[in-house]
Structures are given as C-alpha cells and as structure tokens.
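Only one structure is covered here, and it is reproduced in the block below.
Protein chains: 2
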Amino acid sequence: MAGVNSAKDKVHVMNKYDKEPTYAIGELAREFDITPRSIRFYEEQGLMSPTRTGQNRVYLNKDRVRLKLILRGKRLGFSLAEVKTLFDMYDTNPNSAVQLEAMLEMTEQKRAVLKQQLEDIQMLMTELDDVEARCREELAELKRGKIA
Amino acid sequence: MAGVNSAKDKVHVMNKYDKEPTYAIGELAREFDITPRSIRFYEEQGLMSPTRTGQNRVYLNKDRVRLKLILRGKRLGFSLAEVKTLFDMYDTNPNSAVQLEAMLEMTEQKRAVLKQQLEDIQMLMTELDDVEARCREELAELKRGKIA
DNA sequence: AATGTAATTAACGTTAACGTAAACCTGTAC
DNA sequence: GTACAGGTTTACGTTAACGTTAATTACATT
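Here the protein sequences line up with chains A and B, keeping their order. Note that the first sequence ends on residue 148 in my numbering; no numbers are left out. Note that the second sequence ends on residue 296 in my numbering; no numbers are left out.
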C-alpha cells in the first residue's frame, strides 16, 4: 500500500494537534540502509511491534528508536536473541539494577571476545611479517641467480 | 580402530631410527578441544590430507601444524575457504618467483584487512566503554536513591 | 481502465561449519 | 569369544539472519 504517510492517510493516526511523525516500512528501510524484509524479520523475532493501519505497518518514533538500537546492537556484535533479552528486560523493568547489570555482563563478554581477537590478529601480523621476510629473501636470492 | 599409535602399528610408518610421532584423530581432537567430525570436515574441504593406515587417518607433525593454523585462522574470523586459498598458495610452487610475488601481494592484502579489523575492533571497544560507563553511572544513581 | 509503486503473507532457499544418527569394521582386553 | 573403545563412511539435520520468489492487495497517476 502506497502513501501511508500521505496527508489523507495520517488522518487515521493523528490529527492537527497531535502530529507525531509516522513512518512506512520502506522509509525506515531507506533511512537505515536495510531491506524491509529485515525489519519484518525483527518484528517476527519479537524485537518490534509496530501499529497497523489496516494491514500496513505504521512505525512511530519509539519503533524507530528501537530499530536504531537493534542495529547498534548488531554492530556491537550482539545477536538478535541477545538484543531481545535486553529489550525484554527493559520492557518489564526499565532502568532496574538487574537490567543494567545484565547489560554490563554482556559488554564484558563481548570485550573478552574482542580482546582475544586483538591478540590473535597481532600474532598473525607478526607471522605475516615472517612469511613476507622469507619471501623477499628467496626472491632476492632468485634474482642473484643463487637458486635455479 | 584403536591403537593406531601402538608400537606395533608404528612399525608401518617408522623404524627405530626414524621416530616422527604420529597422532590418531581422537588425540588431535582432544589436544585442540574440537571433535573428530571437525577434523574430518577440514579434510573434506581440502585443508588437510593425512596419510592412512588401512582406512584409519594418521596425522604427522605437519598435519598437526596445519590444524593449528586452521584454528588460528578461524579465531581470526577467516572462513575455511579463505584459509584454504592461503594454504593452496603456499602449497603450489613454493619456490617460483611468480608464486613468491603472488604470495607477497596476498600477504599485503591480508595485512590491509587485518589493519581494518584492528581499527574496527578498537572502535567497538570504545563504544563498549561508552555503554558500560553509562550503565555504571545509572547504577550509581540508582544506589544513591536518585531514581526510584 | 490501465499502469505503476509499495505493501502484505507464506514459505522455501542460502551459507558456514559443523552436529548427529546409522550401520559398519576391527584390534585389544577381559 | 564377546564386548568395548575407537575408528570409518554416508547422509540428513541445525542455526542465524536474512534473500527470494509468488500471489495478492490497494492506492495514485495517467
């Protein structure tokens, strides 16, 4: 359905004195450079629940914020399931100590993973240095005619 | 088949004066804390080719080293396919000038990728720092009773 | 009326890296 | 002489995060 955000449509969800902006799925998709399919998938996983106009999804600011948080979580290396548990906690008991500590625990975990990756990368880099040095040496010898 | 590494079996692959150690699949699996299934899978993907005693796989030191490299590559986020191309490059014509040049080019590429990954990880870490700091602050305020 | 654009649901496809039977063989130990 | 421990192949199952049709609906424009 086109024109979800046209003036005519918006009459259904807000009036002249209540103009919270709404978004169609395509708009959000473009804004965050993802596909509508992804957004529907997030909903299917229980990460969002936009309202409807007829059968069309209508997103409010809170939904947009949620989407932003989902993507941010993904960038941080959280799975959708992990993001969902955070959301669920926030939904049932916002800003509780329990929730904050859960968040801290998760970030600690990710930090450990990242630390391991850093060490591995540094090890591989020195190994690359080795391989490269040996390559250059063999090449030099080849060109000096010492081999072949 | 049990006892691949028994003295009797080893007669087939080495004598009193040539004692390169051999490993059964289960030994390597335990040593690196993976399953035999994984090791067979790596072979299926062309990453290793252990010798056989009858139908049983027998691993030499070079195979063990390969396995170690595979696992390190995985920890670094390389796919098995990527690890394989690296192996293939090293295996084919290790001494030709052309191959050496190609290898150098490849290591340069990998180095660039690793550098990018390093930067990404560092960015993620600072983002995690941010999130964590805000969490701790909110927690502190909670405990000071400033928020119910 | 026809065309175009955006939306919907349903459901199967994809990729990587294995997990998990099932059915078999076989040397070693009790 | 049989049970066990470990090995074998073959092949289908699993997970995450979507991609990709397909078939349909509905509004907007020409």
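Cβ coordinates follow ideal geometry from the N, Cα and C atoms, glycine included.
Residues that residue i bridges to, as DSSP identifies them
i, result
"Thr53 (chain A)", "A:Asn56"
"Tyr238 (chain B)", "Paired residues: none, contrary to the question."
"Tyr23 (chain A)", "A:Tyr59"
Given residue i as reference, the closest of the options once Cα atoms are compared
i, options, result
"Gly221 (chain B)", "B:Ala250, B:Val213 and B:Val231", "B:Val231"
"Met196 (chain B)", "B:Glu179, B:Ile182, B:Ile218 and B:Ala177", "B:Ile218"
"Tyr190 (chain B)", "B:Phe235, B:Asp278 and B:Arg282", "B:Phe235"
"Asn243 (chain B)", "A:Arg136, A:Glu44 and A:Thr53", "A:Arg136"
CB of residue i within 8 angstroms of CB of residue j, strictly
i, j, result
"Glu286 (chain B)", "Leu100 (chain A)", "yes"
"Pro169 (chain B)", "Asn204 (chain B)", "no"
"Thr255 (chain B)", "Leu128 (chain A)", "yes"
"Leu104 (chain A)", "Glu280 (chain B)", "yes"
"Leu176 (chain B)", "Arg214 (chain B)", "no"
"Ile34 (chain A)", "Ile25 (chain A)", "no"
"Leu142 (chain A)", "Ala245 (chain B)", "yes"
"Leu272 (chain B)", "Ile121 (chain A)", "no"
Reduced DSSP secondary structure (H/G/I, E/B, other) of residue i
i, result
"Ile34 (chain A)", "coil"
"Leu128 (chain A)", "helix"
"Arg292 (chain B)", "coil"
"Met271 (chain B)", "helix"
"Gln193 (chain B)", "coil"
"Leu118 (chain A)", "helix"
"Phe78 (chain A)", "coil"
"Ala155 (chain B)", "Note that Ala155 (chain B) scores 39 on pLDDT, short of 50, meaning its location in the model is unreliable; the coordinates nonetheless yield the value given after this. Note: Ala155 (chain B) maps to helix in three-state DSSP."
query = Looking at C-beta atoms only, is the number of pairs between the segment 259-267 of chain B and the segment 80-97 of chain A that lie closer than 8 angstroms three or more?
reply = At 8 angstroms Cβ cutoff, the stretches do not touch.
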